[in-house]
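Some notes on the structure that comes next.
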Amino acid sequence: MAEPIDQYGLQWVEGRHGFSTEPKWTRYPHPGILEAIVREVLQLDLSPSCRIHLEGSGSYNRMYGVQTDKAYYVFRVTLPVDPYFKTASEVATLKWLHQNTDIPVPKVLAHEASSHNELGFEWMLLEYKPGTPLRKKWRDFSMEVKTNIIKQLAAYQAQLYGKKFAAVGNLYMRRDDTSIAPDARMSVQTFTGTSSSTNDSSKPPASVLQKIVKKLGHSQYSPPVFEMGPIVSSIFFHDENVNLGIPRGPFKSSEEWISNHLAALLASQEIIAEKAAFVQEVEQAHKVKAVAQQAFALVSDIFKTKKPEETSLVHRDLTLDNILVTDQGDISAIIDWEAVPCLPAWRAASMPSLLRGPVRKEKPNARNFKNFNDAKTLDDPTLPEVLYSSRNTYWAQVFEHEKTLLRDVYEQEMSKLQPSWAKERKAGIIKMSFFSGLDNAHIPRGCEIFREWLTCYKVIGDKIWNIDERIYGGL
Numbered sequence: 001m002a003e004p005i006d007q008y009g010l011q012w013v014e015g016r017h018g019f020s021t022e023p024k025w026t027r028y029p030h031p032g033i034l035e036a037i038v039r040e041v042l043q044l045d046l047s048p049s050c051r052i053h054l055e056g057s058g059s060y061n062r063m064y065g066v067q068t069d070k071a072y073y074v075f076r077v078t079l080p081v082d083p084y085f086k087t088a089s090e091v092a093t094l095k096w097l098h099q100n101t102d103i104p105v106p107k108v109l110a111h112e113a114s115s116h117n118e119l120g121f122e123w124m125l126l127e128y129k130p131g132t133p134l135r136k137k138w139r140d141f142s143m144e145v146k147t148n149i150i151k152q153l154a155a156y157q158a159q160l161y162g163k164k165f166a167a168v169g170n171l172y173m174r175r176d177d178t179s180i181a182p183d184a185r186m187s188v189q190t191f192t193g194t195s196s197s198t199n200d201s202s203k204p205p206a207s208v209l210q211k212i213v214k215k216l217g218h219s220q221y222s223p224p225v226f227e228m229g230p231i232v233s234s235i236f237f238h239d240e241n242v243n244l245g246i247p248r249g250p251f252k253s254s255e256e257w258i259s260n261h262l263a264a265l266l267a268s269q270e271i272i273a274e275k276a277a278f279v280q281e282v283e284q285a286h287k288v289k290a291v292a293q294q295a296f297a298l299v300s301d302i303f304k305t306k307k308p309e310e311t312s313l314v315h316r317d318l319t320l321d322n323i324l325v326t327d328q329g330d331i332s333a334i335i336d337w338e339a340v341p342c343l344p345a346w347r348a349a350s351m352p353s354l355l356r357g358p359v360r361k362e363k364p365n366a367r368n369f370k371n372f373n374d375a376k377t378l379d380d381p382t383l384p385e386v387l388y389s390s391r392n393t394y395w396a397q398v399f400e401h402e403k404t405l406l407r408d409v410y411e412q413e414m415s416k417l418q419p420s421w422a423k424e425r426k427a428g429i430i431k432m433s434f435f436s437g438l439d440n441a442h443i444p445r446g447c448e449i450f451r452e453w454l455t456c457y458k459v460i461g462d463k464i465w466n467i468d469e470r471i472y473g474g475l
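Numbered according to the UniProt record's numbering, the sequence shown terminates at residue 475, and the numbering increases by one at each position without gaps.
Spelled out as structure tokens, the structure:
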């Protein structure tokens with residue numbers, strides 16, 4: 001195992017969903033230092049207004065809104081779950097997208113890909129992209145508008161699919177005087193004024209501001225040259241996985257990538273089995289290990305290829321929340337480009353997350369749902385948490401029906417814009433099934449389905465059923 005890296009500010013705690021852990025902030029960004037960084041980047045002196053507020057937080061990040069006299073910005077602070085690599089690769093990906101596509105993504109105004117700074121965290125200052133998450137507008141839009149949105153999405157996805165790379169991994173920016181992760185594993189030098197209170201508005205001393213001025217030169221580059229580097233994926237950095245020392249690429253083939261993914265899964269389950277507090281957790285870890293070992297035996301048979309594999313950027317979280325739209329139904333931005341890797345064609349030629357789900361060819365009849373007229377909250381599109389919360393609701397089944405129709409739209413558009421997409425999608429069904437099983441093997445139900453799939457594959461080979469139909473109830 002590699003020497004433990006410094007992840008000051010991060011603690012992994014027992015998860016809410018069982019058989020996993022989740023990250024927790026043990027301290028928060030000092031608001032005075034945050035403001036000093038913003039003022040320096042935007043070249044504001046102390047007189048113009050600069051109001052900063054917490055907009056929200058996710059698993060790994062805290063998002064701050066920055067309102068100045070002239071514009072609105074987004075400042076994102078990230079936990080050191082994968083020091084350097086997660087931030088550096090996302091910055092490079094966004095810059096590459098601006099240079100090589102017309103996909104609407106936020107511009108990176110400045111960033112720091114190391115916690116070795118006055119704030120004590122990695123951060124990014126981003127251009128604000130207006131728009132509403134598609135989840136909040138979906139019920140407002142007609143099927144015609146939804147179809148147009150999916151066609152727009154396909155056009156953007158076709159651009160990504162058409163830009164080819166030669167390895168599996170993540171994009172990074174190369175500088176003549178800096179190699180990948182020059183100080184990524186250095187200990188964090190903590191500013192003594194760092195506070196755990198988000199209400200502390202005290203200003204940092206002048207010496208801190210002077211240091212920030214010097215530091216920012218490290219974050220503002222001339223036009224970058226891109227290179228492939230280690231893959232950013234939770235299987236390699238979740239909790240103690242970040243210290244396993246398992247190779248993260250770049251990988252030259254699917255076989256190499258999947259083999260190391262399996263190695264990380266095995267090692268992580270050994271840690272769980274050793275440290276778990278409950279018998280059921282230990283038993284589940286042993287089940288996952290057994291399935292991973294079973295899968296190892298089939299990797300070469302399923303993924304071996306004689307020719308070099310091309311890869312494309314794959315946004316693995318294209319959900320209703322990460323697509324912003326105007327009131328007219330035009331895509332105004334696609335967000336959340338962290339941990340977006342370059343993956344082989346069989347993985348790139350798959351349905352985006354928002355279109356996956358059960359097949360439902362017939363539109364449900366509202367009269368068959370006795371509580372339909374009483375469930376008025378479901379008619380409120382501003383309540384995403386209840387939008388499609390259960391497959392037994394009328395609106396959930398309407399959504400399944402809409403997605404069934406829209407998958408055909410997406411497939412037709414992609415086939416028209418990138419003819420090889422449909423061919424790769426069909427040819428890669430078995431590889432995609434294996435990967436879906438692997439990706440869900442840490443979940444008890446997913447582990448059992450993957451075990452059954454692997455057993456059946458050894459018997460019937462290429463005639464094996466599509467595992468997604470069992471895991472997700474559809475494509």
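Note that beta-carbon positions come from the ideal geometry of N, C-alpha and C, so glycine has one too.
Buried/exposed call for residue i, threshold 16 Cβ in 10 Å
i: R367; result: exposed
i: G217; result: Here the model assigns G217 a pLDDT of 42, short of 50, so the residue's position is not dependable, and the following value carries that caveat. Flag for G217 reads exposed.
i: Q11; result: exposed
i: L438; result: buried
i: A264; result: buried
i: T455; result: exposed
i: R135; result: buried
i: G245; result: exposed
i: residue 550; result: Lying outside 1 to 475, the shown extent of the chain, residue 550 is not represented and no answer is given.
i: D239; result: buried
i: D468; result: buried
i: G446; result: buried
i: T393; result: buried
i: A349; result: buried
i: A277; result: exposed
i: T192; result: Any reading at T192 needs caution, since the residue's pLDDT is 26, under 50, leaving its predicted position unreliable; the model's value is listed next. Exposed, because fewer than 16 other Cβ atoms sit within 10 Å of the Cβ of T192.
i: K403; result: buried
i: A345; result: buried
i: S219; result: Residue placement at S219 is poorly supported in this model, since its pLDDT is 44, which falls under 50; the coordinates are not used for a value here.
i: E274; result: exposed
Proximity winner among the options, relative to residue i (alpha-carbon distances)
i: S406; options: G357, G249 and G32; result: Here residue 406 turns out to be Leu, not Ser, going by the sequence shown. Minimum Cα distance to L406 is reached at G357.
i: V81; options: E40, G65 and K24; result: K24
i: R51; options: G58, P31 and E424; result: P31
i: E227; options: F369, W96, Y394 and A155; result: W96
i: V398; options: I429, K363 and K423; result: K363
i: I5; options: P83, T404, A273 and G15; result: P83
i: I471; options: W453, K463 and K458; result: W453
i: L318; options: K423, V279 and P133; result: P133
i: Y64; options: S47, P29 and A92; result: P29
i: T26; options: L44, T78 and L46; result: T78
i: L343; options: P308, F369, L320 and V325; result: P308
i: P224; options: I33, Q99 and R316; result: Q99
i: G428; options: E281, P352 and D462; result: D462
i: D321; options: I103, E14 and K137; result: K137
i: H116; options: G9, T21 and S47; result: G9
i: R139; options: P419, W465, G162 and W395; result: W395
i: I323; options: A295, L355, P247 and R360; result: L355
i: E283; options: R425, P444, R174 and K426; result: P444
Residue j beta carbon less than 8 Å from that of residue i
i: R76; j: L42; result: no
i: E90; j: E338; result: yes
i: V409; j: T68; result: no
i: residue 517; j: F303; result: Residue 517 lies beyond the range of the chain shown here (1 to 475); nothing can be said about it.
i: Y156; j: G229; result: no
i: L94; j: I37; result: no
i: Q152; j: I331; result: yes
i: A285; j: G131; result: no
i: V66; j: Y60; result: no
i: A167; j: L417; result: no
i: M432; j: W421; result: no
i: N243; j: S268; result: no
i: residue 488; j: L160; result: What is shown of the chain runs 1 to 475, which leaves residue 488 out entirely.
i: V325; j: I150; result: no
i: F434; j: R347; result: no
i: I258; j: V314; result: no
i: V340; j: R316; result: yes
i: I464; j: Y457; result: yes
i: Q262; j: A290; result: Looking at the sequence itself, residue 262 is Leu, so the reference to Gln does not match. Going by C-beta atoms, L262 is not nearer than 8 Å to A290.
Cβ separation of residue i and residue j, assumed to be a contact under 8 Å, to the nearest whole Å
i: V288; j: A441; result: 6 Å
i: G329; j: V145; result: 4 Å
i: A113; j: T87; result: 4 Å
i: E310; j: K164; result: 4 Å
i: L266; j: A292; result: 5 Å
i: I271; j: E281; result: About 11 Å; that fails the 8 Å criterion.
* Tell me the start and end of each unbroken beta strand (DSSP E) in the region 61-132 that is at least 3 residues and wholly inside, in chain order. => 61-68, 72-78, 108-112 and 122-127
* With a floor of 3 residues, list each beta strand (DSSP E) that falls wholly inside the region 287-323, ordered by position along the chain. => 311-313
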